Structure formats: C-alpha cells, structure tokens
Amino acid sequence: MAKITQSVFSVEKAEESLGLLLWQTTITWQRFIKKALDKHNISHAQFVILAIVLWFETHNENPTQIVIAKQSKLDKMTVSKSLKKLALDGYIKRAEHADDTRAKSVRLTAKGKAIASKLVPIVENVDRAFFDILETTHQKSLTTILSVLSEVLEC
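Per our numbering, residue 540 is the first one in the sequence shown, and the count goes up by one each step.
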C-alpha cells in the first residue's frame, strides 16, 4: 500500500475543521431532540412542520406546503411524506389554498394544535439545556452566525 506523503486536509487537527465541528454539534443536538420526541411518536421533521404551522396560525397566516418547505429548509419530498403521516395521524388537514388552487393549504386539527403546543415547550427546554452551557454573549453570537449562514445559503 502506498504511503500518503502529503495531507489533503486544510487543517492540522480534526478539531479545527468547522464542518466537522458543525456536524458533531448538530448530530449531538439532534440526538437530544429525538429522545424527547420519540416518547410522542413524532419525528424531528414532523415536529418542525407542526411547529411551523402552529407559528403561522398563531400569526393568522395560512401556510402552504411550499412555504413550510422554505421555512424548514426540508426538501419537498420530506415535507410531503411528513404531511401525509401527520394527516394520517389526525394532526393536520390539507386543502386547496384559497388564493392559489395549485397550492395546498396546511392547517392543524385540534389534535394537532394540542400536540404541537405540548411539544414546542419540550423542544425549547432541550434547546435551552443544550445551549445554556454557552454564555449569553456566545449564544447571541451563535444566533447571529447561524442566521447569516441560513440567509445566505438558500437551498
């Protein structure tokens, strides 16, 4: 086997790789979220969709599948499959959008509002426990950094 004589990596240590650090942090955070949601038989993607619809409904807006995909940054297929499962479980209803007959409007059922209202504080508590190891100023900096990346990197 040929010995590699020159490194192809741009960093000396793995801990210096922003991509690896983001990956490790995200995977760890997702594990905590999954553990909290598994008790309720809801996937992370399904929770995000429920929370987004609850947010829009709280602000008197009527989201479509496209809006949900854009807001969540989930791919259209994942949104579609998650919505089908959520509808099957009685959490949401889909119908023709009032203003755009090509679009599907998504609304929470009473059961959907109840589960979303129950799960949002649970997930927010997981977030708090996860991020509270950072000082407030670091949390604000991280929020700013992630917001910039999210805005610039449209998928």
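Glycine is no exception: its CB is placed at the ideal position from the N, C-alpha and C atoms. Keep in mind the model is a prediction, meaning the values are calculated, not measured.
Residue i - containing alpha helix (DSSP H), residue span
i	result
E663	A649 to F670
V691	T675 to V691
H583	H583 to T597
G558	L557 to D577
S619	K615 to L627
One or two residues paired with residue i in a DSSP bridge
i	result
S644	T603 and A634
With 16 other Cβ atoms within 10 Å as the buried cut-off, status of residue i
i	result
I672	exposed
S546	exposed
G629	exposed
G651	buried
A553	exposed
L625	buried
V606	buried
F548	exposed
I566	exposed
I684	exposed
Cβ separation of residue i and residue j, assumed to be a contact under 8 Å, to the nearest whole Å
i	j	result
S621	A584	5 Å
A655	A590	6 Å
Proximity of residue i and residue j at Cβ, strictly below 9 Å
i	j	result
Q604	R633	yes
L658	L576	yes
L618	A608	Sequence check: residue 618 is Val here, not Leu. For V618 and A608, yes; Cβs fall inside 9 Å.
A653	N601	no
F586	A668	no
L559	I588	no
L688	F670	no
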